[in-house]
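Protein sequences appear in the order of chains A and S. Residue numbering for the first sequence follows numbering that gives the first Met the number 0, beginning at 0 and increasing consecutively. Residue numbering for the second sequence follows numbering that gives the first Met the number 0, beginning at 0 and increasing consecutively. Even for Gly, the Cβ is constructed at its ideal location relative to N, Cα and C.
2 protein chains.
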Amino acid sequence: MTQPTHLIGVDIGGTNLRVALANVKGEIVARVATTTTNVREPRSVIEKIRECAQRLLEDARLSLEHVAAIGAGAPGLTDAENGVVIATSYLMGWRDVPLKAMLEDALGVPASVDNDVNLAALGESRFGAGRGLKDFVFISIGTGVGAGIILNGELFQGPAWTAGEIGYMLVPGTSEVPPALGEPGGLEGLVGGEGLRSRWQSQWSREKTQLPRELTATQIFDAAVAGDDLAIGILDLAARTLAYAIFDITLILNTPLFVLGGSVGLHAALRDRTQAVLEMHARRLRPKLVLSALGGDAQLMGAIRLAQIVPHVSEEP
Amino acid sequence: MTQPTHLIGVDIGGTNLRVALANVKGEIVARVATTTTNVREPRSVIEKIRECAQRLLEDARLSLEHVAAIGAGAPGLTDAENGVVIATSYLMGWRDVPLKAMLEDALGVPASVDNDVNLAALGESRFGAGRGLKDFVFISIGTGVGAGIILNGELFQGPAWTAGEIGYMLVPGTSEVPPALGEPGGLEGLVGGEGLRSRWQSQWSREKTQLPRELTATQIFDAAVAGDDLAIGILDLAARTLAYAIFDITLILNTPLFVLGGSVGLHAALRDRTQAVLEMHARRLRPKLVLSALGGDAQLMGAIRLAQIVPHVSEEP
Chain A
0 MTQPTHLIGV DIGGTNLRVA LANVKGEIVA RVATTTTNVR EPRSVIEKIR ECAQRLLEDA
60 RLSLEHVAAI GAGAPGLTDA ENGVVIATSY LMGWRDVPLK AMLEDALGVP ASVDNDVNLA
120 ALGESRFGAG RGLKDFVFIS IGTGVGAGII LNGELFQGPA WTAGEIGYML VPGTSEVPPA
180 LGEPGGLEGL VGGEGLRSRW QSQWSREKTQ LPRELTATQI FDAAVAGDDL AIGILDLAAR
240 TLAYAIFDIT LILNTPLFVL GGSVGLHAAL RDRTQAVLEM HARRLRPKLV LSALGGDAQL
300 MGAIRLAQIV PHVSEEP
Chain S
0 MTQPTHLIGV DIGGTNLRVA LANVKGEIVA RVATTTTNVR EPRSVIEKIR ECAQRLLEDA
60 RLSLEHVAAI GAGAPGLTDA ENGVVIATSY LMGWRDVPLK AMLEDALGVP ASVDNDVNLA
120 ALGESRFGAG RGLKDFVFIS IGTGVGAGII LNGELFQGPA WTAGEIGYML VPGTSEVPPA
180 LGEPGGLEGL VGGEGLRSRW QSQWSREKTQ LPRELTATQI FDAAVAGDDL AIGILDLAAR
240 TLAYAIFDIT LILNTPLFVL GGSVGLHAAL RDRTQAVLEM HARRLRPKLV LSALGGDAQL
300 MGAIRLAQIV PHVSEEP
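Right, here's the structure in full:
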């Protein structure tokens, strides 16, 4: 019988599907990315994953027999225990998809699944900025805002699988009006990419800035660093709001480190200004903010980590 | 050799010391209370505890040989692992007091210690409103505000022993100016007994209310229930602020139940109005608020529970 020597990690995104082949130490040996545009149906996504995995294995002169386990994540609420994606964002539109069972059926190897932010936290925990730390919080800031919580070296998913859904947090400055379904939550409205863009647009005028009315969140932060007053105001508000949320999380959890990731969260100017606000409020605890070490690979590395710790895998390090 | 059949629980407060003798099931068989006014020095408090324990045992025709363990709590920051009270409020003024070791020296039985709010959470978890629940948060609202967090059936103390120090939380409405040392924190300023009293006084005028300028927090809440407009405004603000904090904690931890205790927290009107605000903001999760079942005994029952689970006690249920 062939001894499993490899793992497969899968990052299912709203626009991209990424599959990696790794050795049992978690080192990626080959990877492939493909689009998920027009591929929404769970069965079609599973078929794409199978194709990608097969291609990676064939190129490496391996077969599915060499694969010990597969780890996968999708954006949305996931019951990790039963391996069911309960709900994803409107991009995917999944409801109660038994992702773990479907992967195991399609590939014939043990599978484990979780949501993308939790996977990113797991990736940073094992291979990135949280390596060697027992307690930290990964905060993903992209279009939306979410957190993956590592307590005592393990992912804390919460009794309802939604621990860390911090995009809806209420802190000074956030709207007190409950957001409608599909609208950004309190914290997201001031810190998330979509909220930042619309704030720039609503405050924009030719008198206030020479920059165009259409900017992405990272372009706004770049403009703030370059000295644009309108952009500085928006960056400062985002930093203050994020600092308040991190301060509150520290009071509740005592986590000494926060790893910032996601396309918006990786901007150094946001980290620097948020840390400066935190210093003013910190009391006994002074949470430290660092940027994600894995960047856009955090989820994929977390998926590989998940495959490493799938029950009954003999090589669990 | 005598088989230990009893436990001792100790609640060290800023003004009162309470000691209880319980059987190994945690049922109190006798109790005694004494003042701690003018007794500040740790050694004197330990001596008072020893006297109280001796008296309880003698009355029950027992001796220290019958005591399996002692559990004790003091208000303040406690390193439960090493049994050291790191700091208490100005009332006690303790710094780095090795309470566990001092109790074991004085009484000759295994001891375990934690802070008062954590003990109350433990008490509610085992004997009170959280019985049978794996995940809930106990919120103590007296002069100040703090939380004891039960996750997966166990006390979550946090890596720095200050998990649940929610009195400093920042939510919409709280001051964004960091409080000076000894001043109430953000949440405390609007929800804690001291903050409520001073808000009543600063807003009070003969035109606004017929009630006196000196009222306690619970008197203000009573006045709100009786229809006093000024009191209603203060209660509503406290309820809204508390609801926001609970909402944020739910997003982070997913805890479905919050047990409200402490002299102010036990007021039903605060619970009812806070629950009503929460209903408007709740999304997937709808945290339920209930009043403490143990009331003023929560800490003492928690101390007894702590004695039950002291390592090496044979009767751990």
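Between G264 (chain A) and S62 (chain A), the CB-CB gap reaches or exceeds 8 Å. P158 (chain S) and P286 (chain A) have their C-alpha atoms spaced approximately 12 Å apart. Residues of the segment 149 to 175 of chain S with a C-beta less than 7 Å from any C-beta of chain A: G157, P158, A159, T161, A162, G163, E164, I165, Y167, M168, L169, V170, P171, T173 and E175, listed in chain order. Scanning the segment 10 to 83 of chain S for uninterrupted alpha helix (DSSP H) segments of 4 residues or longer gives 41 to 58, listed from N- to C-terminal end. In the assembly as shown, N253 (chain S) is a buried residue. Its beta-carbon has 16 or more other beta-carbons within 10 Å. Listed along the chain, the chain S residues whose CB falls inside 7 Å of the CB of I308 (chain A) amount to none; the nearest CB is some 18 Å away. About 7 Å separates the Cβ atoms of A306 (chain A) and S111 (chain A), confirming a contact at the 8 Å cut-off. The beta carbon of R212 (chain A) lies closer than 7 Å to those of Q200 and W203 in the same chain, with the five residues before and after it left out. Straight through space, the alpha carbons of A120 (chain A) and G294 (chain A) are spaced by roughly 11 Å.
Exclusion of the five residues before and after Y243 (chain A) leaves V170 and P171 as the residues of its chain whose Cβ lies within less than 7 Å of its Cβ.
Put simply, the backbone Cα of V84 (chain S) is about 17 Å away from that of G301 (chain S). For I148 (chain A), there is no enclosing alpha helix (DSSP H); the enclosing beta strand (DSSP E) has its first and last residue at V144 to L150.
Here DSSP, grouped into helix, strand and coil, assigns A119 (chain A) to helix. Non-local C-beta neighbours of A216 (chain A) in its own chain, meaning closer than 7 Å and more than five positions away in sequence, comprise G192, L195, R196 and V263, ordered along the chain. Neighbourhood of H280 (chain A) in chain S, by CB distance below 7 Å: P177, in chain order. DSSP, reduced to helix, strand and coil, places L284 (chain S) outside both helices and strands of the structure shown, so it counts as coil. Taking a Cβ-Cβ cut-off of 7 Å, the neighbours of L250 (chain S) in chain A comprise E164, I165, Y167 and M168, given in sequence order. For P74 (chain S), the closest Cβ of chain A is not nearer than 8 Å. Taking a cut-off of 8 Å for Cβ pairs, the segment 139 to 149 of chain S and the segment 114 to 128 of chain S touch, as three or more such pairs fall below it.
When C-alpha distances from D271 (chain A) are compared across A:S88, A:L288 and A:A162, the shortest belongs to A:L288. At least one beta carbon of chain S lies nearer than 8 Å to the beta carbon of D134 (chain A). With contacts defined as CB atoms closer than 8 Å, L256 (chain A) and G145 (chain A) fail to qualify as a contacting pair. DSSP places S262 (chain A) in the uninterrupted alpha helix (DSSP H) bounded by G261 to G264. Secondary structure at E278 (chain S): helix, using DSSP grouped into helix, strand and coil. Close to chain A, meaning a Cβ-Cβ distance shorter than 7 Å, are the following residues of the segment 229 to 250 of chain S: Y243, F246, D247, I248 and L250.
About 6 Å separates the Cβ atoms of M168 (chain S) and G185 (chain S), confirming a contact at the 8 Å cut-off. About 6 Å separates the CB atoms of I303 (chain S) and G70 (chain S); that is less than 8 Å, so the two are in contact.
L250 (chain S) counts as buried, since no fewer than 16 other beta carbons sit within 10 angstroms of its beta carbon. Residue S:R239 holds the alpha-carbon nearest to the alpha-carbon of E278 (chain S) among S:R239, S:L290 and S:L259.
At the C-beta level, L236 (chain S) and T208 (chain S) stay beyond 8 Å of one another. Secondary-structure assignment with DSSP links I7 (chain S) through a beta bridge to S:L20 and S:I69. In the three-state DSSP reduction, A238 (chain S) falls in the helix class (H, G or I). Think of a sphere of 9 Å around the beta carbon of P183 (chain S): no beta carbon from chain A falls inside it, the nearest being about 13 Å out. Interface with chain A (8 Å Cβ-Cβ cutoff): P286 (chain S) is excluded. In this structure, the straight-line span from the alpha carbon of L98 (chain S) to that of E26 (chain S) is close to 24 Å. At the C-beta level, A29 (chain S) and D58 (chain S) come within 8 Å of one another.
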